[in-house]
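Engineer: Mapping of the sequence shown onto my numbering: residues 119 to 500, in sequence order.
This is the structure I have questions about; it appears just below.
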Amino acid sequence: MVHEIIIPVVDQTTESVRLAGWNVREGDAIKQGDIVCEIETEKATVEVEAPADGIVRKILVEQGTTIPPRTVVAIIGAAGDSIPDIDPFYRTSRPQLEPASAFLAAESKSASAKSAILAAPASKLLASPRARRLADEKGVDLSLITPSRPDGRIIEEDITDFLASTGITDSQRASQAKADRVSHSWKTIPHFYMTITADLSYILAAKKKGVGGVTLTDFFIVAIGRTLEDHPLFNGFWHNDGSVNISALRIGLVVQTERGLVVPTLQDTKGRPVEEIAVEREDIVRQAVAGRLHGDSLAPSTFTMSNVGAGHIDYFTAIINPPQLAIISIGSVLPRPVVVDSLLEVRPSASFTLGVDHRAIDGRQSALFLEDLKRHLEADTW
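Next up, the structure:
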């Protein structure tokens, strides 16, 4: 049976990746789960695994090539299998990972979120397929390119020379792309925010008594997961003018790295103990900081958590990661005055600010979500 090696949907905002290198050659025997190639995004290097056992029958895309997610880059199969004749840049319509989440994440991207140096119609210009592909990836107007060939046909080297002459670096383009994505989210999603403060005394006591390596973030992930189970409306995507809810709870965790913010994904958190969450959280954070994401950490997340950590930040309002429906922002844990049994006490607490897509979720639903989250956070059963 023939299998395709497909570039994964790295996250909801990555529109192109660079195939950094192959770890296999045509004719190599490989096992399911073997790392066959690596791709680079603007923030990380990602390992791509073999989907099945077999022989690498055909490599379709050369290393160093920039391609969109879901590109089929190689074919594996048995020695006697017939290999289909497909375009080297064939993009599968089949989603990866969970069908709904990956498909919706890919389909909900808007062309307006792309970065561009210049923009103008160029369909009538003579240009090679590689040149058109590179121009599209870099946002270059082909009408400004001076062809080097006598027949007036623009080739890939002409685009490369033009990019070099502009002085605009990949880093600048990445920054522009990030700015465009944030602007797109803010302009197209009607954000609505609501904040609640939770007493974290019981969580801190449990953390002190618990196993090493468990952090406050891990307790927050568990509490958020429990709340999402009771409020599935918040766990999903906006698609085709409506909300779609996903059964698996895949929480994206915002991580600060030298290359910017990265949002690796925790696998389905439903019913998992805090100690188990801690192990996975530590692993995906290490991957993100090292700039080498792989495996399950690439699954599209269905809800995002951003924790500011230690400091003196009371609260903040994070921007929703489209096409998700909600995000929660957690302020610093600080001693604050609270009323306990009609008496004023100083307790460690933090603010939890819920941001939602107001097209799908209203204020009353948001209030109920936060009340339940507070109940889970303040439970004495940790």
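C-beta atoms are modelled at their ideal positions from N, C-alpha and C, and glycine is treated no differently.
Being a predicted model, the structure only gives us computed values, none of them experimental.
Just curious, the beta strand (DSSP E) that Ser319 is in, first and last residue?
Structural biologist: Within the sequence shown, residue 319 is the residue found at index 201, counting from 1. Looking at the DSSP string, Ser319 is not in any beta strand (DSSP E); the run it does join, the alpha helix (DSSP H), is Ser319 to Lys327.
Engineer: Indicate whether His494 and Thr313 have their beta-carbon atoms separated by less than 7 Å.
Structural biologist: Start at 1 with the first residue of the sequence shown, and residue 494 comes out as number 376. Start at 1 with the first residue of the sequence shown, and residue 313 comes out as number 195. Contact flag unset, no.
Engineer: Could you check the C-alpha separation between Ala417 and Leu367 for me, to the nearest Å?
Structural biologist: Here residue 417 refers to the residue found at position 299 of the sequence shown. Here residue 367 refers to the residue found at position 249 of the sequence shown. Distance between the alpha carbons of Ala417 and Leu367: 11 Å.
Engineer: Between which two residues does the alpha helix (DSSP H) carrying Lys388 extend?
Structural biologist: Here residue 388 is taken as the residue at index 270 of the sequence shown, counted from 1. First-last for Lys388: undefined, no H or E at that position.
Engineer: Measure the C-alpha to C-alpha separation of Pro202 and Gly172 and round it to an integer number of angstroms.
Structural biologist: Translated into the one-based positions of the sequence shown, residue 202 becomes position 84. Translated into the one-based positions of the sequence shown, residue 172 becomes position 54. So the alpha carbons of these two residues sit roughly 16 Å apart.
Engineer: Please work out which residues of its chain come closer than 8 Å, Cβ to Cβ, to Glu463, disregarding the five sequence neighbours upstream and downstream, and give them in chain order.
Structural biologist: As a position in the sequence shown, residue 463 is number 345, starting the count at 1. Taken in chain order, the residues that qualify are Pro455, Val456 and Val457.
Engineer: Once you ignore the five residues that flank Ile307 on each side, which residues in its own chain have a CB closer than 6 Å to its CB?
Structural biologist: Along the sequence shown, read from residue 1 onward, the residue named residue 307 stands at position 189. Within the same chain, Ile307 has close Cβ partners Ile438 and Asp475.
Engineer: Going by alpha carbons, who is nearest to Tyr433 out of Pro440, Gln385 and Ser424?
Structural biologist: Mapped onto the sequence shown, residue 433 falls at position 315. Residue Ser424 is the option with its Cα nearest to Tyr433.
Engineer: For the beta strand (DSSP E) containing Val190, list its first residue and its last residue.
Structural biologist: Here residue 190 is taken as the residue at index 72 of the sequence shown, counted from 1. Here the beta strand (DSSP E) through Val190 covers Val190 to Gly195.
Engineer: Can you give the Cα-Cα distance for Thr315 and Leu461, rounded to whole angstroms?
Structural biologist: Sequence index remark: in the sequence shown, residue 315 carries index 197 (1-based). Sequence index remark: in the sequence shown, residue 461 carries index 343 (1-based). Taking the straight line from one Cα to the other gives about 17 Å.
Engineer: In chain order, what residues of the same chain lie with their CB nearer than 6 Å to the CB of Gly343, ignoring the 5 residues before and after it?
Structural biologist: Within the sequence shown, the letter at position 225 stands for residue 343. Here the set comprises Leu367 and Thr387.
Engineer: Using only alpha-carbon positions, find the residue among His309, Asp279, Gln385 and Pro187 that is nearest to Arg136.
Structural biologist: For the purposes of this step, residue 136 is identified with residue 18 of the sequence shown, where counting begins at 1. Per the Cα distances, Pro187.
Engineer: Only counting the same chain, and skipping five residues up and downstream in sequence, which positions put a Cβ closer than 6 Å to that of Ser484?
Structural biologist: Within the sequence shown, numbered from 1, the residue matching residue 484 stands at position 366. Only Met312, Leu472 and Val474 meet the Cβ criterion.
Engineer: With 16 other CB atoms within 10 Å as the buried threshold, where does Leu411 fall?
Structural biologist: Stepping through the sequence shown from its first residue, residue 411 is reached at position 293. That one is buried.
Engineer: Go through its chain and collect everything with a Cβ distance to Ala138's Cβ below 7 Å, but skip five positions before and after it.
Structural biologist: For the purposes of this step, residue 138 is identified with residue 20 of the sequence shown, where counting begins at 1. Here the set comprises Glu156, Ile157, Glu158, Thr163 and Gln181.
Engineer: From the DSSP secondary-structure annotation, give me the bridge partner or partners of Ile173.
Structural biologist: On the sequence shown, residue 173 is found 55 positions in, with the first residue counted as 1. Ala147 and Gly195.
Engineer: From what residue to what residue does the alpha helix (DSSP H) around Ala162 run?
Structural biologist: Working through the sequence shown from its first residue, we reach residue 162 at position 44. Neither: Ala162 is in no alpha helix (DSSP H) and is coded neither H nor E.
Engineer: May I ask you to report which of helix, strand or coil DSSP gives His121?
Structural biologist: Translated into positions along the sequence shown, residue 121 becomes position 3. Reduced to three states, the DSSP call for His121 is strand.
Engineer: Which residues in the same chain have their Cβ closer than 6 Å to the Cβ of Arg143, if we skip the five residues on either side of it in sequence?
Structural biologist: The count along the sequence shown starts at 1 and reaches residue 143 at position 25. For Arg143, where only same-chain residues beyond five positions count, there are no Cβ hits under 6 Å.
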